[in-house]
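These protein sequence lines map, in sequence, to chains A and B. For any residue, its number in the numbering used here is found by taking its place in the first sequence, counting from 1, and adding 27. For any residue, its number in the numbering used here is found by taking its place in the second sequence, counting from 1, and adding 707. We put the beta carbon where it would ideally sit given N, CA and C, even for glycine. As the structure is a computational prediction, the values presented were derived from the model and not from experiment. The structure appears right after this line, and notes come after that.
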Amino acid sequence: MTAQQPIQTSRRRFLQGASAAAGLLVGFHIVPGGKALAATAKAPVALNAFLRIAPDGIVTIYSKHVEMGQGSYTGLATILAEELDADWSKVRATGAPADAKLYANLAFGMQGTGGSTAIANSYDQLRQAGATARAMLVQAAAEIWKVPAAEISVAKGVVTHGPSGRKAGFGELAERAAQQTPPANVQLKDPTRFSLIGKQVQRLDARAKANGTAEFTIDVKLPGMLTALLARPPRFGGKVKSLDATAAKAVPGVMGVVQVPGGVAVIAKGFWAANKGREALQVEWDFSNAENRGSEEILTAYRALAQQPGRPARRDGDADTALAKAAKRIEASYDFPYLAHAPMEPLDCVVQLSPAGCEIWAGDQFQTVDQANTAHVLGIKPEQVKINTLFAGGSFGRRANMQSDFVVEAVQIAKAFGGNAPIRLLWTREDDIRGGYYRPLYHHRLAAALDDKGELVGWQHRIVGQSIMGGTAMEAVMVKDGIDATSVEGASNLPYAIPNLAVELHTTKAGIPVLWWRSVGSTHTAFATELFLDEVAATTKQDPLTLRRKLLAKHPRHLGVLNLAAEKAGWGKPLPKGWGRGIAVHESFNSFVAEVAEISVQPDGSWRVERVVAAVDCGRAINPGIIRAQVEGAIGYGLSAALYGAITLENGEVQQSNFHDYESLRIDRMPKVEVHIVPSTEKPTGIGEPGLPPIAPAVASALMAVTGQRFRSLPLPDKVKQA
Amino acid sequence: MPITFTLNGKPVSLDIDPDMPLLWAIRDEVGLTGSKFGCGMAQCGACTMHVDGEPVRACSMPVGSIEGQRVTTIEGLQGKVAQAVQAAWVKHEVAQCGYCQSGQVMSAVALLSGNRKPTDADIDQAMNGNLCRCATYVRIRAAIHDAAKTMRA
């Protein structure tokens with residue numbers, strides 16, 4: 028799921044899909060007040076797979092991408108509404124049904140959200156969809172009014188025939204418009220005429236999320252629905268050896284106990300009874316095939332591996348020789364722990380089985396994969412799995428799972444219970460923190476060669492860790508010559524002008540399930556590369572900004588954000604005693620972000636991040652407010668990891684369990700944040716993730732500037748040396 | 708014996724396990740789902756409700772302990788402070804995923820009900836129990852200051 032894959036658009040697909048979407052109109056849509064309303068008697072009309080128009084003129088956009096906070100509903104609706112010339116106050120969005128033929132992510136070839144691709148892969152497609160629908164509305168008006176289509180104009184949801192002064196709203200024309208043949212070619216707007224794209228339009232979900240009416244999976248209510256909690260083995264790979272469910276079944280409200288491949292599920296009327304029932308289970312676990320190592324043992328093995336050459340991921344010149352001949356060598360190694368995603372809404376899934384198949388309610392991020400895995404469990408066809416994609420209470424990658432773990436668990440439980448009731452599987456926070464699918468633990472070893480003038484002439488970077496893609500259906504695409512692209516991204520595409528450069532990978536095996544975590548490989552590669560470059564700068568007594576400018580001469584977009592962030596932050600200007608600045612720049616998901624962190628160190632060595640200035644280049648900015656919000660949020664999420672984040676294991680057991688020992692950033696540690704957007708006419712690229720990679724190295728670099736200390740692992744220490 | 712209390716201005720009587728947390732009593736028994744489950748141990752604040760006007764973490768409060776008290780959830784929020792806070796939340800587009808925001812709003816309303824001009828330190832103190840993994844904190848702070856200004860105007 029890197030961003031480097033080409034995006035292909037298919038116009039025909041969505042036009043063919045208009046009728047299919049129309050068949051799905053009975054259901055729910057999110058109105059700004061947040062209530063889910065059943066479709067009214069006079070049904071809205073679909074003009075193509077991506078929009079429908081109601082008689083009252085309300086335009087509802089089908090978002091093929093889950094709304095998990097990143098603003099996809101608003102962003103995608105903005106693109107379509109722009110070409111449609113819709114009235115923004117009448118635009119709504121809802122999750123598209125699961126149907127890869129219509130709603131594939133064009134960067135993945137299947138329906139799913141991730142890799143900061145929502146806007147990038149949809150931009151052309153939704154402009155086409157909007158412009159086509161607009162043309163159909165114009166044709167309808169021309170027919171009704173018996174005037175040439177060329178004399179008709181559209182603005183803010185109103186279709187007007189200038190010469191006669193006749194006007195009609197979208198709602199009045201929709202039915203007739205749906206009968207038109209979609210034009211083969213439509214003229215897209217000249218971007219200079221954009222009135223929604225690039226402007227600050229109101230987020231569509233702001234109100235519902237301020238008054239508690241936004242509907243998440245945990246809020247779904249179905250007649251007769253029961254709640255399930257699953258007791259999972261306390262070590263990954265453990266199995267049930269013996270089970271005594273007598274006490275659990277005696278808990279009032281418990282309706283059943285079933286064994287599934289993942290453990291033992293207690294099914295009850297409501298969470299509380301399920302929780303009490305689960306606590307009453309007597310399970311003995313078999314750990315003979317479990318991962319029984321601790322994270323220290325794993326890290327020790329990685330450090331040993333890093334002494335040996337790995338598989339080449341990139342080779343420019345001859346780094347070995349450059350290092351051998353170097354006037355001076357710099358070496359450092361970096362450690363990164365496992366990280367849990369810990370979205371605020373713990374994982375959950377509602378499943379209802381029926382003779383026709385299976386219906387799922389989830390903050391679904393990987394519809395096509397979840398359909399396939401569900402179908403496999405039930406022995407049905409993927410298209411018999413209907414998915415209702417609801418708001419996701421955060422994900423950060425966790426809900427996009429090649430194994431569909433939390434969906435499959437719910438389906439297995441519903442099946443084991445005989446399909447007798449809709450099942451709502453809830454995870455507790457403890458289940459979430461201990462549930463695996465972590466950002467992998469990594470060890471990096473770097474060496475730099477300086478020549479006799481102090482120039483950086485060689486760079487060797489070895490990365491050791493588990494593959495996220497290995498063993499999944501994506502392995503064939505994402506792992507080439509033994510290199511999982513997600514293990515080395517951000518390192519293998521290092522932009523700095525260094526003549527001899529080698530990036531190597533050791534892919535390890537461990538029984539701990541791993542997964543992409545907001546910004547994936549760049550969560551660790553940005554820290555190792557940027558901080559190591561700062562070590563080079565410190566050793567050669569160069570300013571970190573000056574060194575970067577020199578090495579990035581051929582990378583204008585890196586330079587653009589670097590210079591903008593430095594300028595806005597006042598790089599080089601004096602700071603109070605005990606304060607320092609650090610800078611980092613990184614490309615991920617085809618977007619470029621530089622951040623300057625200002626930190627203060629107290630006399631007792633405690634420290635805090637005071638201010639962060641970010642500059643971003645994500646191509647054309649669709650919604651500047653959401654871009655800023657995503658960068659603010661990515662900085663906060665990255666700071667959580669930089670200050671606190673670590674999942675550790677002992678004898679195979681995860682040591683953390685909830686927010687008291689897997690801490691997260693709170694408001695008192697959130698710095699002031701400024702986000703500056705580089706004006707651009709390039710195609711829009713992602714912004715959900717790219718704000719994250721620079722923050723940890725920028726902060727560590729600032730700490731290094733104040734203290735002279737080196738920082739080579741995350742999380743950073745609570746206390747540092749005073750200057 | 709049923710547990711009786713006032714929920715959003717109306718009397719409620721529930722014949723349930725008094726150890727059941729208030730959160731689950733409201734969500735699963737009454738059916739109001741605006742208050743969220745995030746941690747179950749008063750660490751994240753997603754479940755924040757008002758009991759007799761004070762913000763509480765409903766996930767860790769046994770329903771039996773609120774006999775005779777007044778409970779307000781996000782669904783029952785009303786009045787000038789609530790309106791100012793919710794309007795500021797929309798204006799500043801605070802929410803991202805939105806899951807924690809009911810709790811954030813409840814804490815912010817409690818803060819502003821007793822303090823019409825909170826400082827940043829007041830905000831830190833009042834809001835520190837409310838986690839947001841999307842880290843919307845910059846906007847939470849701005850929205851609280853803005854709501855306070857609206858209320859003073």
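- The segment 246 to 263 of chain A makes contact with the segment 434 to 454 of chain A: 3 or more CB pairs, one atom from each, lie closer than 8 Å.
- Between the C-alpha atoms of G679 of chain A and D722 of chain B there is a straight-line separation of about 43 Å.
- A direct Cα-Cα distance of roughly 14 Å separates G102 of chain A from C645 of chain A.
- Residues of the same chain with a CB within less than 7 Å of the CB of A828 of chain B, apart from the 5 flanking positions on each side, do not exist.
- Judged by beta-carbon spacing, P717 of chain A lies within the 8 Å limit of V620 of chain A, meaning their Cβ atoms are closer than that value.
- Here DSSP, grouped into helix, strand and coil, assigns S422 of chain A to coil.
- Only residues of its own chain outside the window of five on either side were considered, and among them P364 and P742 have a CB closer than 7 Å to the CB of A673 of chain A, listed in chain order.
- Contact between the segment 86 to 105 of chain A and the segment 389 to 398 of chain A is established, with three or more Cβ pairs separated by less than 8 Å.
- If you compare the alpha carbons of A:R203, A:L405 and A:D375 with that of A383 of chain A, the shortest gap goes to A:L405.
- Beta bridge pairing from DSSP links Y465 of chain A with A:V541.
- Beta-bridge partners assigned by DSSP to C385 of chain A: A:L380 and A:V412.
- Counted as a single uninterrupted DSSP element, the beta strand (DSSP E) harbouring T187 of chain A occupies residues V185 to H188.
- When the Cα atoms are used, Q749 of chain A and E625 of chain A turn out to be separated by approximately 16 Å.
- At a C-beta separation below 9 Å, F686 of chain A has these neighbours in chain B: G745, C746, M748, Q750, C751 and L838.
- Judged by DSSP in its simplified three-state form, D362 of chain A adopts strand.
- Distance from the CA atom of P744 of chain A to the CA atom of R425 of chain A, rounded to whole angstroms, is 27 Å.
- Within the same chain, Cβ atoms closer than 7 Å to the Cβ of E311 of chain A are found at K268 and S269, the five residues on either side in sequence being excluded.
- Straight-line measurement puts the Cα of Q793 of chain B at about 6 Å from the Cα of A237 of chain A.
- The C-beta of V377 of chain A comes no closer than 8 Å to any C-beta of chain B.
- Straight-line spacing of the CA atoms in E323 of chain A and G538 of chain A works out to 14 Å.
- Excluding the 5 residues flanking it on each side, G485 of chain A has same chain C-beta neighbours closer than 6 Å at A346, A349, L350, A476 and N527, in chain order.
- Judged by pairs of C-beta atoms under 8 Å, the segment 70 to 90 of chain A does not touch the segment 625 to 643 of chain A, as fewer than three such pairs exist.
- Contact fails between the segment 781 to 798 of chain B and the segment 206 to 216 of chain A, because fewer than three Cβ pairs, one in each stretch, are under 8 Å apart.
- According to DSSP, P718 of chain B shares a beta bridge with B:T713.
- At least one C-beta of chain A is nearer than 8 Å to the C-beta of M727 of chain B.
- Contact residues of the segment 355 to 386 of chain A toward chain B are H368, A369, P370, M371, E372 and P373 (C-beta to C-beta distance below 9 Å).
- Residues of chain A whose Cβ lies closer than 7 Å to the Cβ of T843 of chain B are, in chain order, G660.
- The Cβ of I694 of chain A sits closer than 8 Å to at least one Cβ of chain B.
- Less than 8 Å divides the Cβ of G196 of chain A from the Cβ of V185 of chain A.
- Judged by DSSP in its simplified three-state form, R693 of chain A adopts coil rather than helix or strand.
- Here the alpha carbons of G713 of chain A and A134 of chain A stand approximately 12 Å from one another.
- The beta-carbon of S633 of chain A is placed no less than 8 Å from the nearest beta-carbon of chain B.
- The three-state reading of DSSP puts Q493 of chain A in strand, counting E and B together.
- DSSP, reduced to helix, strand and coil, places L405 of chain A within a helical segment of the structure shown.
- The criterion of a C-beta distance shorter than 8 Å is satisfied by G752 of chain B and S814 of chain B.
- Taking the CA atoms as reference points, A593 of chain A sits about 12 Å from R575 of chain A.
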